[in-house]
Structure formats: C-alpha cells, structure tokens
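S.K.: Start counting the sequence shown at 0; every next residue gets the next number (numbering that gives the first Met the number 0). For glycine and all other residues, C-beta sits at the position ideal for the given N, C-alpha and C. To start, I am sharing the structure in question, which I have written as structure tokens.
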Amino acid sequence: MVSIRRATAGDAATVLGLMRELAEHQNQGAAITVSVDRMEELLRRPEVVYLIAEREGRAIGYVSWLQRVSLWSGGDYLALDDLYVCAGERGHGVGERLMRAVSAASDGKVIRWEVAETNVSAQRFYQRIGAGLVSKKICRWQAVESLTAG
C-alpha cells in the first residue's frame, strides 16, 4: 500500500536523498548543493510543499511545489518543482497518485511546471493525465555584475 503525506522539517534528510537520486538520474548530481539544515528551514515555510510517497514506511517518491502569484492575473498558482518516483517503483501508478495529490491540494489553482524537451517519457505521462504541453525556452542568468549602459 502506498501512502502520501506532506513532508515536515524532520524529513529533510529523506527529501534531500530523493532529490539527489533525481539529480543523478538527470546527470545533474553536482547541482544539489542545499544542506540538510537549509532543507529543514525550507520545509517549515508554508509556500514550500513536498509530498512524499511511501510504501511500508520507505520513501519511494515525491512531488514538490511552491505557491506563487501571477502578476498578469493576480491569482495564485502552484509552481511544480519536481516529480520523482524511485526506479523500482515506476510504472505502478505512484507518479499519478502524487500528481492527483497535487491536484487535490491546488484548490482549483493552475499548476505549472517545466519538462525537458528530451524527456519524452515524462511528456507522455503528463499528457496521459490530461496536462497540456506548451513549448517555451527557459532562460537562466547567474548575474555577477550589474549591467551598465555603454
């Protein structure tokens, strides 16, 4: 039996372990730099939500999101950060259960997220549960110095 519950600060090490698994799966292990202490702090914030899927007390996946506001509409929405199911648990409905739990928690708010263009299996999964896919380029900028007019 799979159960889903909201992570607490006491789950910081478990959450971090699952995040590392996901990052390694995506060949981005070096990107995880958050500490357990910082994760504990983040899990105490009301706008940061992690739901953990467990089987017999063992974490087998998670979904995470932040509550944000759209400056265009003025309405709140959920910005999904990650959805991850451990390798041995994929294909058994855990991902769908996690996404349905997000839907239930959304209180009718829009849920938005990103998926890599190359992650075709994830795109098929999201379409199967009824999500629409919109193409968009994501920009990242680690600003080191300010821009000056020239």
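#1: Which first and last residues belong to the beta strand (DSSP E) in which Arg150 is found?
#2: Which residues in the same chain as Glu53 place their Cβ atom closer than 8 Å to its Cβ, once the five residues preceding and following it in sequence are excluded?
#3: Mind checking Ser120: buried by the 16 CB within 10 Å criterion, or exposed?
#4: Is the stretch 84-97 close to the stretch 33-52, with three or more CB pairs under 8 Å?
#5: In the DSSP assignment, find the alpha helix (DSSP H) that holds Leu15 and state where it starts and stops.
#6: Going by beta-carbon coordinates alone, are Arg89 and Tyr76 separated by less than 7 Å?
#7: Report the CB separation of Val84 from Val93 in whole angstroms; it is logged as a contact under 8 Å.
#8: Decide if Ser63 is buried, meaning its Cβ has at least 16 other Cβ atoms within 10 Å, or exposed.
#9: Hey, quick one: how far does the alpha helix (DSSP H) through Gln126 stretch, first residue to last?
#10: Could you spell out the range, first to last residue, of the beta strand (DSSP E) harbouring Leu70?
#11: Would Ala11 and Met38 be called neighbours here (beta carbons separated by less than 7 Å)?
#12: Roughly how many whole angstroms lie between the Cα atoms of Lys135 and Ala30?
#13: Check for me: the beta strand (DSSP E) holding Arg5 runs from which residue to which?
#14: Using a 10 Å radius around the Cβ and a threshold of 16 neighbouring Cβ atoms, would you call Leu21 buried or exposed?
#15: Just to confirm, is the Cβ distance from Val14 to Ala8 under 7 Å?
M.R.: With the given structure in hand:
#1: Missing from the structure shown is residue 150; the chain here goes from 0 to 149 and no further.
#2: Correct list, in chain order: Val1, Ser2, Ile3, Arg4 and Ile59.
#3: exposed
#4: yes
#5: Ala11 to His24
#6: no
#7: 5 Å
#8: Per the 10 Å Cβ criterion, buried.
#9: Where Gln126 is concerned, the enclosing alpha helix (DSSP H) starts and stops at Val119 to Arg127.
#10: First-last for Leu70: undefined, no H or E at that position.
#11: Contact flag set, yes.
#12: 22 Å
#13: Val1 to Arg5
#14: buried
#15: no
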